[in-house]
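Colleague: In the numbering used here, the protein residues as written are 2 to 292.
My structure is below; once you've seen it, I'll send some questions.
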Ligand SMILES: [Zn+2]
Ligand SMILES: [Zn+2]
């Protein structure tokens, strides 16, 4: 049985954490049942809204995994703040089956506020990609949870010279381009993947890029061996599920998110050491304030 948390520790864990993992800078909060959001200043996007912190308001594209309010309570506030700041457009992309209800809710908030929001909530079906920038796309996939939910993968696009043109002089290549030959191809590198809330089915449902992204944010709500049933009953992951699938992860850094306050930070770190095989443990970080 795990110890209960000091009041201070709960407060600390609900405060935003800013870190750079695998070259990707982010600020976020991720505590099971309380609040989850991540903002990536270099990419200009957010994953989930939590209670809509101010730093997420200017992001033009926010990707909402599902409608549980620890991830989604900030939707109307985000819309309303963008209007106050006169920020044009802006989109929250989310699970298609939830969009009609969100629109009803937002309609009511607009009536209550006597205002009209410029930002929109829009469906993103599993497999679809939003072109955030010319060099950045975000693709959704189905993440198994208690309600319909998505995970996301942000990928960088670059043009790369086809192998048969590599080593040729620049002038020669320019000539080929002018004569209409295709000399390059687009390559896509997954930078950051996010599971949203997910149950064990994630390991079958997630696309290959999820396990190849440089940075992986994967939910891991529970750590106490006694909490394994709780995890599966509520559609969440337990650290032992991550350990059992250790061979799948090719990611440079794996961040465990959505950590329940049922375990203290010390207990989380101890259970990680006990449960995760070394080759995974050395690349895995719990999303916790510095010890
Ligand atoms: Zn949650
Ligand atoms: Zn949830």
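Each residue gets a CB set at the ideal place from its N, CA and C atoms; glycine is no exception.
So, is residue 260 buried or exposed, given that buried needs 16 or more other C-beta atoms within 10 angstroms?
Modeller: That one is buried.
Colleague: So the beta strand (DSSP E) residue 74 belongs to, where does it begin and stop?
Modeller: Run containing residue 74: none; DSSP gives neither H nor E here.
Colleague: Can you tell me which residues fall inside 5 Å of ligand 2, judged by beta-carbon distance to its nearest heavy atom, and keep chain order?
Modeller: Per the Cβ criterion, the list is 69, 198.
Colleague: Using beta-carbon positions only, say whether residue 154 and residue 194 come within less than 8 Å of one another.
Modeller: Yes, Cβ-Cβ distance for residue 154 and residue 194 is below 8 Å.
Colleague: Is residue 163 helix, strand or coil by DSSP?
Modeller: Correct three-state label for residue 163: coil.
Colleague: Quick one: grab the DSSP three-state call for residue 1.
Modeller: Any property of residue 1 remains undetermined from this structure, which presents the chain solely from 2 to 292.
Colleague: Taking residue 71 as the reference, give the member of 144, 169, 95, 49 with the closest Cα.
Modeller: When only C-alpha atoms are compared, the closest one is 49.
Colleague: Within the chosen definition, does the stretch 9–26 reach the stretch 102–117 through at least 3 CB pairs nearer than 8 Å?
Modeller: The stretch 9–26 is not in contact with the stretch 102–117.
Colleague: Rounded to a whole number of angstroms, what is the C-alpha to C-alpha distance between residue 159 and residue 187?
Modeller: Their backbone Cα atoms lie some 6 Å apart in a straight line.
Colleague: Quick one: measure Cβ to Cβ for residue 250 and residue 277, integer angstroms, because I've assumed they're closer than 8 Å.
Modeller: Between residue 277 and residue 250 the Cβ distance is about 10 Å, and since that is not below 8 Å, they are no contact.
Colleague: Can you list, in chain order, the stretches of the beta strand (DSSP E) that have 3 or more residues and sit fully within the stretch 10–57?
Modeller: With a minimum length of 3 residues, the continuous beta strand (DSSP E) runs that stay inside the stretch 10–57 are 18–22, 25–32, 36–41, 46–50.
Colleague: Should residue 272 go down as buried or exposed, given a rule of 16 or more other Cβ atoms within 10 Å for buried?
Modeller: Counting Cβ neighbours within 10 Å, residue 272 comes out buried, since at least 16 surround it.
Colleague: Can at least three beta-carbon pairs, one atom from the stretch 164–173 and one from the stretch 49–63, be found at a separation below 8 Å?
Modeller: The stretch 164–173, when compared against the stretch 49–63, does not touch it at the 8 Å Cβ threshold.
Colleague: Residue 77 and residue 107 look like a contact to me (Cβ under 8 Å); what is the Cβ gap, rounded to whole Å?
Modeller: 6 Å between Cβ atoms; contact.
Colleague: Within the present structure, is the beta-carbon of residue 228 separated from the nearest heavy atom of ligand 1 by less than 7 Å?
Modeller: For ligand 1, not one heavy atom lies less than 7 Å from the Cβ of residue 228.
Colleague: Start and end of the beta strand (DSSP E) containing residue 110?
Modeller: Element bounds for residue 110: not the beta strand (DSSP E) but the alpha helix (DSSP H), 100–114.
Colleague: In terms of residue numbering, what span does the alpha helix (DSSP H) encompassing residue 138 cover?
Modeller: No alpha helix (DSSP H) contains residue 138, which is instead part of the beta strand (DSSP E) from 137–143.
Colleague: At 4 residues or longer, and completely inside the stretch 187–259: list those alpha helix (DSSP H) runs for me, N to C.
Modeller: Complete alpha helix (DSSP H) runs here, min 4: 203–206, 209–213, 229–234, 240–245.
Colleague: Taking 7 Å as the line, does the beta carbon of residue 234 fall inside it for any heavy atom of ligand 1?
Modeller: No.
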